[in-house]
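Asks: Protein chains in written order, with my numbering: chain A, 1 to 323; chain B, 324 to 646; chain C, 647 to 969.
Just so you know, even glycine gets a beta-carbon here, dropped at the ideal spot from N, CA and C.
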Amino acid sequence: MSVDVTEIGSIPDAWTRRHLLGLEDLSREELNIVLDSAEMFRDATDDCTRKISVLAGHTCANLFFENSTRTRTSFSLAMRRLGGDTVDFASGSSSMSKGETVIDTAKNIEAMGISVVVCRHRTPGTPHLLANNLRCSVVNAGDGPHEHPTQGLLDILTIRQRRGTLEGLTVALVGDIQYSRTARSNIWGLKKLGAHVIVCGPATLVSPMWRELGVEVSHNLDEIIPRCDVLNLLRIQFERQSTRPFPSVREYAHLYAMNRQRMDRAKDGVLILAPGPINRGVEVTTDVADGPQSVILEQVTNGLAVRMAVLWLVCGASIREAE
Amino acid sequence: MSVDVTEIGSIPDAWTRRHLLGLEDLSREELNIVLDSAEMFRDATDDCTRKISVLAGHTCANLFFENSTRTRTSFSLAMRRLGGDTVDFASGSSSMSKGETVIDTAKNIEAMGISVVVCRHRTPGTPHLLANNLRCSVVNAGDGPHEHPTQGLLDILTIRQRRGTLEGLTVALVGDIQYSRTARSNIWGLKKLGAHVIVCGPATLVSPMWRELGVEVSHNLDEIIPRCDVLNLLRIQFERQSTRPFPSVREYAHLYAMNRQRMDRAKDGVLILAPGPINRGVEVTTDVADGPQSVILEQVTNGLAVRMAVLWLVCGASIREAE
Amino acid sequence: MSVDVTEIGSIPDAWTRRHLLGLEDLSREELNIVLDSAEMFRDATDDCTRKISVLAGHTCANLFFENSTRTRTSFSLAMRRLGGDTVDFASGSSSMSKGETVIDTAKNIEAMGISVVVCRHRTPGTPHLLANNLRCSVVNAGDGPHEHPTQGLLDILTIRQRRGTLEGLTVALVGDIQYSRTARSNIWGLKKLGAHVIVCGPATLVSPMWRELGVEVSHNLDEIIPRCDVLNLLRIQFERQSTRPFPSVREYAHLYAMNRQRMDRAKDGVLILAPGPINRGVEVTTDVADGPQSVILEQVTNGLAVRMAVLWLVCGASIREAE
């Protein structure tokens, strides 16, 4: 019931990174290595349901200073399906609240024989700080509003699986762009792979400054819909907002929810993505979320495949460097 | 140190259920398949201390919307002793508090390559809702006051191990019947296997309506004691009650605690069960809880055996269906 | 990627303990068995990064009534690197808050087929109570201010690795001695292995009563520094103190922080230990903590090795006894 390790082989020579900190740094070739590896793992493990022992003996530490069940679990399952082990260090746990620095916490974890630290922190650059101070690998699982590279990669992999290529596609990121690390990682990745990116949402959540990243800015979803091959509906993070950036949820949904009427005006074969957890009736109506164009659950399965690929690549680069 | 998988073989042809939602649905034959399988696993693994790799590569997700250390741990250990893996989704964790529906949460978990979801929720029917919406297996680990089938099965297995059969035995469920899922699951299982069931407790906790389930109703423990082969002392759930259904703990213990004096009036070989955690001096006195008639700790070990059997059966039925 | 079990062999005949409750009980020979075993595991597993399957099929339960990420994780990783499995029972979890006694909780855990219980509790003697009532092994992971034997052992192992022997060394324990289980375990272990021990700190944290344990008492770090081979800088536990035992943190640091000036007056090759998490600038300045004399991170790695050795020894003694 487990996959033969020899099917997998060693990591590509062109991959030399011990860390994955963001998609801004990656070349087009490196992006394709991760995506190709993820597809290989997805195929070799029957949609991520079988084990493959390429990281047996290795341990991944989830160092999450912000809560996350979903991303943390996805990384844990990915590591274990590679034959490795995981330990969790949750925010608010004892050692983190005892006045220790982030680097000291991470160095202590590393000294327990850890191969890779997966880090989420509300401060942008924390994973970079760790990468500069640890000998083990570091993967960014979200640093404030900066980057969330595996989310970007799983979104891109899902589009590539359905459409074959990103080249020439028009992808709209809709909704809460301002504080979204998912938006930033998507933009870097999508543009390098040849897609045209539109960011779309109310002016309070989408500033004209985004044009500096080489993307189109829109405040009118209805205007851009007929041009889009992909709509990635970012979550309105009610739990993070003290004041709402729009008058009411109903008003937001009226202007930006993806619903049947808007689907009718969209291209044939348009893909609906959402990073979840989704607010049904806010970013997307139920018929669209559960409809044939929705690839929301494929994103989740691809998340595992992407994380298997990333863990395998960064650990492999560490091992090769040590040899 | 692990058991040869070939000793176990495949699941019985008569078992076709991908889910275990309650004992009300099960036939007498199905009940016996679970109990026989549990005994097989208990024997094959030396009282559940050795591993057996029949579910290697499979992952079980514990989706507990209500707290439970004990049941969750028992399911986790059962899955891992079958060679499988587990992930926990605890109540109050981030994704569950972000306004997502239960079905969306479960579908997301399923999309991570999960074979079986073990669900506890305070709303009766939640596991049934999931079973109708997921392709993977679902096991009910307690849905409000409705059912807790593995608790019923482990109680019944413990009685069967000591007495050989349930046929003709008189089993009293004593105490907090009203809101007890354990009581309901015991009643369905015990009656199908031929036992006579008495529910006994103060009128505030035991309504005459229970007669509709075909059981005897009593408010007087002393009166029924001489007729009972088994006394299952349900926990008084102080932590769930805002107003007490009896004047004082002392008064409850006076009328319903199983103590030495009551043991002297009981049948020879009477069995004392309690689902735990027990309140010593409330439902049961220390000398009885730790005495030779008490099978309280055997219940815990049988809980593991029953959960190994259930996970093996429902996953096996899923695999067979997929083939 | 895993170690051949036959390299390890069986536990030494001279080790007969099923429990590790404290270093006060251990003979010099037993201390050396643990230290030698820890070195063997450290070497055999490449600084605790590889697996060795000597406890395959066994499960360790972490029963922590006090919070601890670090110690708990270290035990978990140690057990899993021995091929075993772990389950956590955290303080404040449901079963523990339902009025159950500690012994009942532990017996329930044992009945799930657990081989070893690792226990932390704020009441001194709790692990001893469990050891008297369980058939499985018990390891003390800290009982109030009493003992924390694996911390003592890892401190001693770290000194022995650097200096070859403890015999004739002068070791100072500096800081918060009064409520420190680490201090007590260190004292018992160090003295049996032939070291001279000084406890040093403000009079509010270091009473003259400590002389009864056969150690030197000092309130003046500067006076003792030139004589010390090892300085073990115990953590000032701000989070446990309602009133501070010294006027200000600055004053404490002025008198007791290990800094560059004090290092200049210390012996060549003095070792700086700290159990962590460290308060930089309080017990130790950054240049010293990160300097060449600091063995703080070696302590963490040795903690894993010591816990592998302890789990292997106590489980081995249980297995031998059962045969």
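Just the C-alpha distance for residue 513 of chain B and residue 480 of chain B, rounded to the nearest angstrom, thanks.
Replies: Distance between the alpha carbons of residue 513 of chain B and residue 480 of chain B is about 10 Å.
Asks: Below 8 Å on the Cβ atoms is my guess for residue 694 of chain C versus residue 947 of chain C; work out the distance and round it to an integer in Å.
Replies: Confirmed, about 6 Å.
Asks: Assuming contact is defined by CB atoms lying nearer than 7 Å, are residue 540 of chain B and residue 522 of chain B in contact in what I supplied?
Replies: Closer than 7 Å, so yes.
Asks: How is residue 698 of chain C classed by DSSP in three states: helix, strand or coil?
Replies: Note: residue 698 of chain C maps to strand in three-state DSSP.
Asks: Please decide whether residue 555 of chain B counts as near chain E, where near means a Cβ-Cβ distance under 7 Å.
Replies: Protein chains A, B and C are contained in the structure displayed, whereas chain E is not.
Asks: Would the region 98-113 of chain A and the region 74-83 of chain A be scored as touching if the rule is three or more Cβ pairs under 8 Å?
Replies: Not touching, per the Cβ criterion.
Asks: Evaluate the contact criterion for the region 676-685 of chain C versus the region 934-945 of chain C: three or more CB pairs, one atom per stretch, below 8 Å.
Replies: Output reads no: the region 934-945 of chain C does not touch the region 676-685 of chain C.
Asks: For residue 723 of chain C, return the contacting residues in chain A, with the cut-off set at a CB-CB distance below 9 Å.
Replies: Per Cβ cutoff of 9 Å: 59, 85, 87, 112, 113, 114.
Asks: Quick one, which residues of the region 286-298 of chain A are near chain B if we go by CB-CB under 9 Å, in chain order?
Replies: So the close ones are 289, 296, 297, 298.
Asks: Once DSSP output is grouped into helix, strand and coil, what is the label at residue 927 of chain C?
Replies: Coil at residue 927 of chain C, not helix or strand.
Asks: Between B/473, B/398, B/376, B/498, which has its C-alpha nearest residue 543 of chain B's C-alpha?
Replies: When each option's Cα is compared against that of residue 543 of chain B, the closest is B/498.
Asks: Could you tell me the alpha carbon to alpha carbon distance between residue 774 of chain C and residue 792 of chain C, rounded to whole angstroms?
Replies: When rounded, the distance between both Cα atoms is 12 Å.
Asks: Could you tell me which of C/957, C/967, C/964 sits nearest to residue 786 of chain C, measuring between CA atoms?
Replies: Per the Cα distances, C/957.
Asks: Rounded to whole angstroms, what's the CA-CA distance from residue 24 of chain A to residue 322 of chain A? Just pull it up for me.
Replies: Roughly 26 Å between the two C-alpha positions.
Asks: Are the region 168-184 of chain A and the region 11-21 of chain A touching, with three or more C-beta to C-beta distances below 8 Å?
Replies: The region 168-184 of chain A, when compared against the region 11-21 of chain A, does not touch it at the 8 Å Cβ threshold.
Asks: Expressed to the nearest angstrom, what Euclidean distance is found between the alpha-carbon atoms of residue 331 of chain B and residue 631 of chain B?
Replies: Whole-angstrom Cα-Cα distance: 12 Å.
Asks: Measuring CA to CA, which of B/538, B/509, B/638 is closest to residue 349 of chain B?
Replies: Answer by Cα proximity: B/509.
Asks: Where does residue 897 of chain C fall in DSSP's three states?
Replies: Note: residue 897 of chain C maps to helix in three-state DSSP.
Asks: With the cut-off set at 7 Å, would you say residue 225 of chain A and residue 265 of chain A are in Cβ contact?
Replies: For residue 225 of chain A and residue 265 of chain A, yes; Cβs fall inside 7 Å.
Asks: In whole angstroms, what is the alpha-carbon distance linking residue 553 of chain B and residue 492 of chain B?
Replies: Spanning the two alpha carbons is a distance of roughly 8 Å.
Asks: Can the beta-carbon of residue 861 of chain C be found less than 7 Å from the beta-carbon of residue 895 of chain C?
Replies: No, these two residues do not count as a Cβ contact at 7 Å.
Asks: Over what stretch of residues does the beta strand (DSSP E) that includes residue 142 of chain A continue unbroken?
Replies: Per DSSP, residue 142 of chain A belongs to the beta strand (DSSP E) from 137-143.
Asks: Using a Cβ-Cβ cutoff of 7 Å, what residues of the region 907-924 of chain C are near chain B? List them in chain order.
Replies: Answer in chain order: no residues at all.
Asks: Buried or exposed, going by whether 16 or more other CB atoms sit within 10 Å of the CB of residue 490 of chain B?
Replies: So residue 490 of chain B counts as exposed.
Asks: Considering only the alpha carbon of each residue, which of C/966, C/735, C/951 lies closest to residue 692 of chain C?
Replies: Nearest C-alpha to residue 692 of chain C: C/951.
Asks: So, are the CB atoms of residue 63 of chain A and residue 89 of chain A less than 7 Å apart?
Replies: Their beta carbons are under 7 Å apart, which means residue 63 of chain A touches residue 89 of chain A by this criterion.
Asks: Given that residue 694 of chain C touches chain A, what residues does it touch there, using C-beta distances under 8 Å?
Replies: Per Cβ cutoff of 8 Å: 112, 113.
Asks: Using only the alpha-carbon positions, how far apart do residue 705 of chain C and residue 599 of chain B sit?
Replies: Using only the alpha carbons, I get a separation of about 22 Å.
Asks: With the cut-off set at 7 Å, would you say residue 315 of chain A and residue 116 of chain A are in Cβ contact?
Replies: Against a cut-off of 7 Å, the Cβ pair of residue 116 of chain A and residue 315 of chain A comes out as a contact.
Asks: Is residue 639 of chain B helix, strand or coil when you go by DSSP?
Replies: The answer is helix: DSSP assigns residue 639 of chain B an H, G or I state.
Asks: Counting only beta-carbon separations shorter than 7 Å, does residue 719 of chain C have a partner in chain A?
Replies: Closer than 7 Å: yes.
Asks: Return the residue from the list B/367, B/586, B/431, B/396 that minimises the CA-CA distance to residue 545 of chain B.
Replies: Of the listed residues, the one whose Cα sits closest to residue 545 of chain B is B/586.
Asks: Of all the options A/162, A/143, A/68, A/138, which has the alpha carbon lying nearest to the alpha carbon of residue 364 of chain A?
Replies: Outside the displayed range of chain A (1 to 323) lies residue 364 of chain A, so it cannot be described from this structure.
Asks: Please report the Cβ distance between residue 74 of chain A and residue 269 of chain A, rounded to the nearest whole angstrom; I am assuming they are in contact, meaning their Cβ atoms lie under 8 Å.
Replies: Incorrect: roughly 27 Å between the Cβ atoms, too far for contact.
Asks: In this structure, how does DSSP classify residue 387 of chain B when only helix, strand and coil are distinguished?
Replies: Three-state DSSP puts residue 387 of chain B in a strand.
Asks: Pull up the distance between the alpha-carbon of residue 259 of chain A and that of residue 272 of chain A, whole angstroms please.
Replies: Going by the C-alpha atoms only, they are around 11 Å apart.
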